[in-house]
Amino acid sequence: MTVRRLAEQQPASFEFTPENRAWCDDQIAKYPLGRQASAVIPLLWKAMAQNDYWLPQKAIEKVADMLAMPYIRVLEVATFYSMFNLEPVGRHFVQLCGTTPCALRGANDIKAVLEKRIGEQRHVSADGKFAWLEVECLGACCNAPMVQINDDYFEDLTPELMEKLLDDLAAGRPVKTGSQIGRIGSEPEPGKGTTLTDATLYDGSVVGSWKARFDEARAAEKAAAEKAAAEKAAAEAANKS
Numbered sequence: 198m199t200v201r202r203l204a205e206q207q208p209a210s211f212e213f214t215p216e217n218r219a220w221c222d223d224q225i226a227k228y229p230l231g232r233q234a235s236a237v238i239p240l241l242w243k244a245m246a247q248n249d250y251w252l253p254q255k256a257i258e259k260v261a262d263m264l265a266m267p268y269i270r271v272l273e274v275a276t277f278y279s280m281f282n283l284e285p286v287g288r289h290f291v292q293l294c295g296t297t298p299c300a301l302r303g304a305n306d307i308k309a310v311l312e313k314r315i316g317e318q319r320h321v322s323a324d325g326k327f328a329w330l331e332v333e334c335l336g337a338c339c340n341a342p343m344v345q346i347n348d349d350y351f352e353d354l355t356p357e358l359m360e361k362l363l364d365d366l367a368a369g370r371p372v373k374t375g376s377q378i379g380r381i382g383s384e385p386e387p388g389k390g391t392t393l394t395d396a397t398l399y400d401g402s403v404v405g406s407w408k409a410r411f412d413e414a415r416a417a418e419k420a421a422a423e424k425a426a427a428e429k430a431a432a433e434a435a436n437k438s
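Shown next, in the form of structure tokens:
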């Protein structure tokens, strides 16, 4: 198990901005009197987002005071969940998915770019803008390889696209989230179409048996409609004669 500790160097104080304080008050108000502690995770999350995506000790204590919780209880939450960063991660925190689907689709090539451009994992770049970490599945396997940067996903990456993404972020230029090759959701890659209409796929497998049942049902419906139309036409012809 990873040992998670607070950073050695800490800011002297932490205060929510007026806007974030109002947001926190709204979250606390969602819970009955005496149950305010239920808001601990969203408040920690908001504190981290305000503080360049890491939680200093003073932010943890501020949340504890707002929720009337012992400091140790809030610290337990912050150190338990790996989504809470306890040390500086730069302005843009890159989380690289290294699980099997992403690995098979080129995550190691993306990793090489991050090592070259930023340095070792958990290392903040000299300009203070970047840090990165390899993580487990981020749930976007169909668009692998991908990274999460702060709150956004960037998918269908190549080393060249990752380089450009880092360049744009470093320069403060706007970046496009989601697929970097124009895909919508999990649709096939541009120009590759789909194999779902390939008849050779339906070879007696479960999918094939279901398709056969649908084909038979459609054929039966068509035959019944044709028979009904023929009988109607014959009846109309008989009435005219």
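Each residue of the sequence shown is one higher than the one before, starting from 198 at the first, in this note's numbering.
All C-beta atoms, glycine included, are put in the ideal place defined by N, C-alpha and C.
Can you tell which of the options has its C-alpha closest to the C-alpha of residue i?
i: V291; options: F277, L311, P298 and R302; result: L311
i: L203; options: E284, A434, H320 and T296; result: E284
i: A209; options: A219, L252 and V372; result: L252
i: G287; options: T296, L330, A304 and Y268; result: L330
i: Y250; options: E423, F281 and P356; result: F281
i: Q206; options: E352, R232 and K255; result: K255
i: C299; options: R319, V332 and K326; result: V332
i: V274; options: A431, A236 and L354; result: A236
i: Q247; options: H289, A226, E418 and I225; result: H289
i: C334; options: Q377, T297, R270 and P229; result: T297
i: E352; options: I381, A430 and E258; result: I381
i: T355; options: E258, I307 and I269; result: I307
i: M359; options: P371, S322, V344 and D349; result: V344
i: I346; options: C221, C294 and E212; result: C294
i: R314; options: I378, E428 and E357; result: E357
i: A449; options: D348, S322 and W220; result: This structure leaves residue 449 out entirely; the chain is present only between 198 and 438.
i: R302; options: C339, R270 and I225; result: C339
i: A341; options: S383, K373 and L272; result: S383
i: E212; options: A309, V372, A244 and G316; result: A244
Look at the alpha carbon of residue i and the alpha carbon of residue j, and state the distance between them as a whole number of angstroms.
i: N436; j: S406; result: 45 Å
i: A328; j: P385; result: 32 Å
i: G375; j: T276; result: 30 Å
i: K408; j: A337; result: 28 Å
i: A304; j: D324; result: 25 Å
i: D223; j: A234; result: 14 Å
i: G231; j: T214; result: 25 Å
i: D412; j: K419; result: 11 Å
i: G369; j: R410; result: 56 Å
i: A432; j: A422; result: 15 Å
i: A416; j: A434; result: 27 Å
i: M198; j: S279; result: Any reading at M198 is ruled out, since the residue's pLDDT is 38, under 50, leaving its predicted position unreliable.
i: P229; j: R218; result: 19 Å
i: D349; j: A426; result: 57 Å
i: H320; j: K326; result: 11 Å
i: P387; j: I378; result: 8 Å
i: L363; j: A414; result: 54 Å
i: E428; j: S438; result: 15 Å
State the DSSP-derived secondary structure class of residue i, mapped to helix, strand or coil.
i: F213; result: coil
i: Q377; result: coil
i: F281; result: coil
i: Q247; result: helix
i: C299; result: helix
i: D194; result: The structure shown does not extend to residue 194, since the chain is modelled only from 198 through 438, so no value can be given for it.
i: A204; result: coil
i: L230; result: coil
i: L293; result: strand
i: V372; result: coil
i: V286; result: coil
So does the stretch 254-265 actually touch the stretch 232-241, counting three or more Cβ pairs closer than 8 Å?
-> For the pair of segments examined, the stretch 254-265 was found to touch the stretch 232-241: the number of CB pairs separated by less than 8 Å reaches three.
Which ranges does the beta strand (DSSP E) cover as unbroken runs of at least 3 residues, wholly within the stretch 303-332, from first to last along the chain?
-> Residue ranges of uninterrupted beta strand (DSSP E) with 3 or more members, entirely inside the stretch 303-332 and ordered along the chain, are 327-332.
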